[in-house]
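Residue numbers (our numbering): 11 to 260.
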């Protein structure tokens, strides 16, 4: 059974890494994919890779911090395709700067801009399309939204705010039949985690606590995202699902 057969799904930050993996996982479940990324060529390449495998996909450039561009894309999709079944807010960045360092301000602005304001921009712009399809939203949160761990201020605060945004959106959009949930991964084998894993002791804060005593695999995040986006989760909304090997339970 294809969990997302013929559903129209948009994934942000889908040009590489976890976003590309989520798009591929949803395509394998029968979804039609719209892949967007600030690197438009990467999004197009990932879409072409899916098309070559027999899936329906298109790739487009999108800077999630550009509200006008986001609104234009949302209006175009609503007009041409009539609605959006699933929105996955995956686009995200990280940056290192301790709170007392001069560069902390620049890192804060960039990380909050993409991780939080970007998720807001895309979610808000696509509300009409989500209403039309009675669709659902899956945000990418993080265990850093629950504990400071090894992350810096901008990232921790952005992911904590995604927790709150998930719950507020779930409350406000429930009357329209729209579900909103989030997945909160621990450290996963992803492009974004490479720098942290390559620093001596960079993952100690996680490995010293995680119950399963290992880093997660990308597919172990993809599958919960697919589940939350599917009808199998039809009575789940406002939930932040930790996918963390038991980190938060320890």
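Ideal Cβ positions, reconstructed from N, Cα and C, are used throughout, including at glycine.
Exercise. Which stretch, first to last residue, makes up the alpha helix (DSSP H) that contains residue 22?
Worked result: No alpha helix (DSSP H) holds residue 22; the beta strand (DSSP E) holding it covers 18–22.
Problem set entry | Beta-carbon proximity of residue 195 to residue 133, cut-off 9 Å | no
For this session: Report the partner residues of residue 190 according to the DSSP bridge assignment.
Result: 147
Problem set entry | Cβ-based neighbour list, residue 135, same chain, cut-off 6 Å, excluding 5 preceding and 5 following | 80, 81 and 84
Exercise. Does DSSP put residue 217 in a helix, in a strand, or in coil?
Worked result: helix
Exercise. Could you check where the alpha helix (DSSP H) with residue 29 kicks off and where it finishes?
Worked result: 27–38
Exercise. Nearest to residue 119 by alpha carbon, out of 142, 162, 143 and 36?
Worked result: 162
Exercise. Between the C-alpha atoms of residue 251 and residue 58, what's the straight-line distance to the nearest angstrom?
Worked result: 31 Å
Exercise. Residue 251 bridges to which residues according to DSSP?
Worked result: 193
Problem set entry | Start-to-end residues for the alpha helix (DSSP H) that takes in residue 121 | 114–121
Exercise. What span of residues does the alpha helix (DSSP H) with residue 83 cover, start to end?
Worked result: 77–91
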